[in-house]
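S.K.:
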Amino acid sequence: MTEDTKPRVSDADMLARFQNSKKRPPCSDTLGMRLAALSQDEQWVRMEFEVPQIFANPTGAVQGGFISAMMDEAMSTAVIIASNVTMTAPTLEMKTSYLKRLMPGPASVTARILKLGKSAAFMEADCFDPAGDLVARATATAIPMPFKRL
Numbered sequence: 001m002t003e004d005t006k007p008r009v010s011d012a013d014m015l016a017r018f019q020n021s022k023k024r025p026p027c028s029d030t031l032g033m034r035l036a037a038l039s040q041d042e043q044w045v046r047m048e049f050e051v052p053q054i055f056a057n058p059t060g061a062v063q064g065g066f067i068s069a070m071m072d073e074a075m076s077t078a079v080i081i082a083s084n085v086t087m088t089a090p091t092l093e094m095k096t097s098y099l100k101r102l103m104p105g106p107a108s109v110t111a112r113i114l115k116l117g118k119s120a121a122f123m124e125a126d127c128f129d130p131a132g133d134l135v136a137r138a139t140a141t142a143i144p145m146p147f148k149r150l
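Heads up: the sequence shown at position 95 corresponds to 95 in my numbering, and the numbers run straight through without jumps.
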């Protein structure tokens, strides 16, 4: 069944499907991820994270690799949702700019698809601290491929 023939569900149903999934990848749980909002038509997702203390570097701030992982998770999920769960998008390259420290605790990421083609997907994501301040921004290129659970 392709994206064109697979019935599309509402945003609310898609959100519930992801929030109630019993097949979450362990990396999502490790990152403390929860899908909070999405728009299939506008091709964006918002994720909330509960960042554990064990992600902190010696200064007490969250180590940047974990922030990048959170944004990568959100961008790839945006493609999965925009494709009606028919495609995934392994990251080919990603650039992250860190603008402010993030401390362990709540954080959120908004990811959006800039262009989703047959051979490439271009995405960006913003990470915010609990006050709503921008902590980091990432851009990524990925290769869309059929969604298959390994």
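Glycine residues also receive a C-beta, built at the ideal position from the N, C-alpha and C atoms. Owing to the predicted nature of the structure, the values given are computational and were not obtained by experimental measurement.
1. On the DSSP bridge assignment, give the partners of R8 in chain order.
2. Would G32 be called buried (16 or more neighbouring beta carbons within 10 Å of its own) or exposed?
3. So, helix, strand or coil for T59, using DSSP?
4. Can S39 and D11 be called in contact, C-beta distance under 9 Å?
5. Counting C-beta neighbours from all protein chains within 10 Å, is the total for M145 16 or more, i.e. buried, or is it exposed?
6. Cβ of I81 within 9 Å of Cβ of V45?
7. Evaluate Q19 with the Cβ neighbour count: other Cβ atoms within 10 Å of its Cβ, from every protein chain shown; 16 or more gives buried, anything less gives exposed.
M.R.: With the structure as the only source:
1. DSSP output for R8 lists no bridge partner at all.
2. buried
3. coil
4. yes
5. exposed
6. yes
7. exposed
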